[in-house]
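Everything in the sequence shown is counted per the working numbering, starting at 4 for the first residue and increasing by one. Cβ coordinates follow ideal geometry from the N, Cα and C atoms, glycine included.
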Amino acid sequence: MLNSFLRHLIKKAGACVCLFCFTVNSQAQPINDWATSETLATAYKLALNVQPDEAKALLKYTSGPQAYYVTSLANAIELLITEDESKFDAYEDSYEQKLDALDKVKTAESLFVKAELRLQWAFVYLKFGHEFDAAWNVRQAYITAQECRKSFPKFVPIKKTIGLLDIMIGSVPEKYTWILDLLSMKGSVERGLKELEEIQLQSPSLTTEATLLSCLAQGFLLQQTQQALDELERNSTILSENRLALFLSAVLAAKNSDGEKSLAYLNQLESKTSGTPIYYLHYLKGESLLHKGDYDQAIDAYRTFVKLYPGENYLKDAFYKMGICYWLKGDAGQSLTFLTKARNSGNESTEADKHAARSLTENTISNPILLKIRYATDGGYYEIAKDLIQETSTGEFLILKDQVEFNYRKARFFHKTNQLSEAKQLYLESIKLSAENPWYFAPNACLQLGYIYEAEKKNSEAKIYFKKALSYKRHEYKNSIDSKAKSALEKLK
4 MLNSFLRHLI
14 KKAGACVCLF
24 CFTVNSQAQP
34 INDWATSETL
44 ATAYKLALNV
54 QPDEAKALLK
64 YTSGPQAYYV
74 TSLANAIELL
84 ITEDESKFDA
94 YEDSYEQKLD
104 ALDKVKTAES
114 LFVKAELRLQ
124 WAFVYLKFGH
134 EFDAAWNVRQ
144 AYITAQECRK
154 SFPKFVPIKK
164 TIGLLDIMIG
174 SVPEKYTWIL
184 DLLSMKGSVE
194 RGLKELEEIQ
204 LQSPSLTTEA
214 TLLSCLAQGF
224 LLQQTQQALD
234 ELERNSTILS
244 ENRLALFLSA
254 VLAAKNSDGE
264 KSLAYLNQLE
274 SKTSGTPIYY
284 LHYLKGESLL
294 HKGDYDQAID
304 AYRTFVKLYP
314 GENYLKDAFY
324 KMGICYWLKG
334 DAGQSLTFLT
344 KARNSGNEST
354 EADKHAARSL
364 TENTISNPIL
374 LKIRYATDGG
384 YYEIAKDLIQ
394 ETSTGEFLIL
404 KDQVEFNYRK
414 ARFFHKTNQL
424 SEAKQLYLES
434 IKLSAENPWY
444 FAPNACLQLG
454 YIYEAEKKNS
464 EAKIYFKKAL
474 SYKRHEYKNS
484 IDSKAKSALE
494 KLK
């Protein structure tokens with residue numbers, strides 16, 4: 004229960020979102036107002052560009068809250084990206100020493116930095132499987148941020164910290180609210196976004212950071228991916244200079260069903276060779292290439308990822324997806340080989356790995372036509388999806404689940420291509436045909452209907468379907484769908 008609660012409190016949409024929630028959060032320090040030397044400003048920029056060794060070398064003989072912040076930031080980003088167990092203990096010792104030093108004074112700056120470091124290490128602890136330590140640090144970050152606001156109400160930067168915590172806590176599914184009540188922690192997605200808007204107005208030095216954090220909330224909590232991507236792309240300077248911002252753009256583009264744009268950003272990122280390698284980009288390339296139907300290149304990208312990545316997350320899914328690629332290529336032998344590797348590789352921490360594990364346990368692979376329609380639609384390759392849909396009829400599927408999924412996949416295609424009347428009808432048909440079966444098609448159809456009605460300003464209808472999405476008791480994406488539905492309902496209040 005604690006682990007599930009934390010994963011909803013701290014991360015969204017897998018490890019990449021966990022990484023970016025942390026990374027953008029770490030940009031909160033107002034570099035124009037706060038960094039008192041050129042050296043510190045340069046180190047800060049290097050840390051955000053995933054160049055930890057260069058950043059820490061500049062600060063080797065520097066101390067104080069600002070230096071603690073940048074050094075901790077560099078260490079935490081490195082651990083989140085590499086999952087390097089050999090460096091964990093030393094970096095943890097450094098983190099604890101910085102907390103001890105910050106405890107000796109109680110200024111607005113020291114409280115702000117302490118809250119930020121706590122939040123950084125909550126992500127690190129969760130990444131390395133230390134759920135209790137992650138919970139403790141989130142709680143301490145919350146307490147420290149509230150203390151900073153109470154003692155120094157005019158200190159603007161803390162609004163960013165509190166805004167992020169508000170968004171995180173406010174998006175926790177309803178079934179976990181008793182834990183929040185027990186910890187006396189309250190949050191609100193709407194209030195958190197408002198905090199970020201206030202920072203943009205009140206502190207020019209924080210505008211970029213608040214904008215990036217707002218993009219994350221829009222893209223991953225409110226499902227407004229196009230707006231988030233548009234806002235980020237307007238900031239061309241940061242996209243050209245910062246590797247993590249470039250990566251975030253690639254993730255948002257993929258989430259927005261724009262596989263070609265995601266691939267373009269990933270190729271740009273791959274060309275920037277300075278600093279710690281971001282091997283996860285190869286996994287994302289594999290995803291977009293699979294959606295495109297370029298199975299050979301997708302296999303190569305996944306193969307590069309599993310060869311280079313030192314961690315465990317997404318390995319199971321990468322091997323599973325290689326098996327799927329071979330299956331869709333018609334090579335059952337190679338498909339079986341990689342599906343077998345998937346069973347014995349990685350872990351089941353991420354949603355993608357859990358889905359792969361469930362599929363492997365069921366020992367079945369979805370109908371190839373349904374898989375191709377799904378992937379083409381997810382990647383924004385709509386002509387491919389359209390041709391497949393037109394060539395297929397519901398009568399070709401003998402299993403009820405396949406019939407339901409075909410209606411659902413058609414609904415997703417019509418929805419994404421803005422043919423909303425057809426999408427609504429097919430979503431409703433999917434809900435009806437699903438009945439009480441524990442598949443995710445019906446609850447997600449309800450969620451999507453809610454989004455359609457919300458966009459049409461029909462808030463009463465939207466609320467009905469968001470609540471109906473929450474009503475389904477058992478399905479594989481319940482936590483994710485519940486979180487999105489809850490965030491949407493709060494926004495409509």
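Alpha carbon to alpha carbon, how far is residue 325 from residue 305? Each residue's Cα considered, the two are about 7 Å apart.
In terms of residue numbering, what span does the alpha helix (DSSP H) encompassing residue 376 cover? Note, residue 376: alpha helix (DSSP H), 371-381.
Distance between residue 420 and residue 468 (C-alpha atoms, nearest Å): Approximately 21 Å, taken between the alpha carbons.
Taking contact to mean at least 3 C-beta pairs separated by less than 8 Å, is the segment 277-284 in contact with the segment 47-54? The segment 277-284 and the segment 47-54 touch, with no fewer than 3 CB-CB distances between them shorter than 8 Å.
DSSP state of residue 33, grouped into three classes? At residue 33 the pLDDT is 42, less than 50, meaning the model places this residue with poor confidence and gives no usable figure here.
Is residue 502 buried or exposed, if buried means 16 or more other CB atoms sit within 10 Å of its CB? Look at the range of the chain in this structure, 4 to 496, and you will see that residue 502 is not part of it.
Where residue 410 and residue 374 are concerned, what is the direct C-alpha to C-alpha distance, given to the nearest angstrom? In a straight line, the C-alpha of residue 410 is about 13 Å away from that of residue 374.
Residue range of the unbroken alpha helix (DSSP H) whose run includes residue 307: Taken as a continuous stretch (DSSP letters only), the alpha helix (DSSP H) holding residue 307 covers 298-311.
Do the CB positions of residue 395 and residue 406 come within less than 8 Å of each other? In terms of Cβ geometry, residue 395 and residue 406 do not form a close pair [threshold 8 Å].
Buried versus exposed, by CB contacts within 10 Å (16 or more), residue 108: Residue 108 is exposed by the Cβ-count criterion.
For a minimum of 4 consecutive residues, which ranges assigned as the alpha helix (DSSP H) are wholly contained in the segment 122-162? Complete alpha helix (DSSP H) runs here, min 4: 134-154.
Distance between beta carbons of residue 316 and residue 350, contact taken as under 8 Å: Cβ atoms of residue 350 and residue 316 come within 8 Å of each other, at about 7 Å.
Just mark residue 64 as buried or exposed, buried being the case when its beta carbon has 16 or more other beta carbons within 10 Å. Residue 64 should be labelled exposed.
Buried or exposed for residue 43, please, with buried defined as at least 16 other CB atoms from any protein chain shown within 10 angstroms of its CB. Within a 10 Å sphere around the beta-carbon of residue 43 sit 16 or more other beta-carbons, which makes this residue buried.
If you draw a straight line from the alpha carbon of residue 35 to that of residue 290, how long is it in whole angstroms? Caution applies to residue 35, whose pLDDT of 38 falls short of 50 and renders its modelled position unreliable; the model cannot decide the point.
Nonlocal neighbours in the same chain, by C-beta distance under 6 Å from residue 194, ignoring five residues either side: Close CB contacts of residue 194 within its chain, under the 6 Å cut and outside five residues either way in sequence, are with 169 (chain order).
Mind reading off the beta-carbon distance from residue 166 to residue 191? Whole number of angstroms is fine, and I expect it under 8 Å. For a cut-off of 8 Å, the C-beta gap from residue 166 to residue 191 is around 10 Å, too long to register as a contact.
In chain order, what residues of the same chain lie with their CB nearer than 7 Å to the CB of residue 91, ignoring the 5 residues before and after it? Cβ within range, chain order: 82 and 131.
How do the segment 106-122 and the segment 66-81 stand: do at least 3 beta-carbon pairs fall below 8 Å, yes or no? These segments touch.
In this structure, how does DSSP classify residue 3 when only helix, strand and coil are distinguished? The shown model of the chain, from 4 to 496, leaves out residue 3, and the question about it has no answer.
Could you tell me which uninterrupted alpha helix (DSSP H) segments, each at least 4 residues in length, are contained entirely in the segment 308-350, listed from first to last along the chain? Counting only runs of 4 or more, we get 318-332 and 335-346.
For residue 440, count neighbouring C-beta atoms within 10 Å of its own C-beta (all shown protein chains included) and say buried if the count is 16 or more, exposed if not. Flag for residue 440 reads exposed.
Can you give me the Cβ contacts of residue 272 inside the same chain, cut-off strictly under 8 Å, excluding the 5 residues immediately before and after it? Counting only Cβ-Cβ distances below 8 Å, and skipping sequence neighbours, we find 246, 249, 250, 253, 281 and 284.
Residue 95: first and last residue of the uninterrupted alpha helix (DSSP H) it sits in: Annotation for residue 95: the continuous alpha helix (DSSP H) segment containing it runs 88-105.
Work out the CA separation of residue 412 and residue 392 for me, nearest whole Å. Approximately 9 Å between the Cα atoms of the pair.
Pick from 408, 385 and 438: whose alpha carbon is nearest that of residue 422? Nearest C-alpha to residue 422: 385.
How would you write the range of the alpha helix (DSSP H) that residue 406 sits in, first residue to last? First-last of the alpha helix (DSSP H) with residue 406: 403-419.
In the structure shown, what three-state DSSP assignment does residue 468 receive? DSSP places residue 468 in helix when its eight states are reduced to three.
Which same chain residues end up closer than 7 Å to residue 408 when comparing Cβ atoms and leaving out the 5 residues on each side of it in sequence? For residue 408, same chain residues with a beta-carbon under 7 Å away, outside a window of 5 residues either side, are 373 and 444 in chain order.
Residues near residue 337 by beta carbon distance below 7 Å, same chain, minus five either side: Within the same chain, residue 337 has close Cβ partners 329.
For residue 447, is the classification buried or exposed, using 16 other Cβ atoms within 10 angstroms of its Cβ as the cut-off for buried? By the neighbour-count rule (16 or more Cβ atoms within 10 Å), residue 447 is buried.
Terminal residues of the continuous alpha helix (DSSP H) containing residue 76? Membership of residue 76 in the alpha helix (DSSP H) is indicated by the continuous run 68-85.
With DSSP run on the structure shown, which of helix, strand or coil describes residue 24? In this predicted model, residue 24 has a pLDDT of only 37, less than 50, meaning its place in the structure is not dependable; the value taken from the coordinates is given anyway. Under the three-state reduction of DSSP, residue 24 is assigned to helix.
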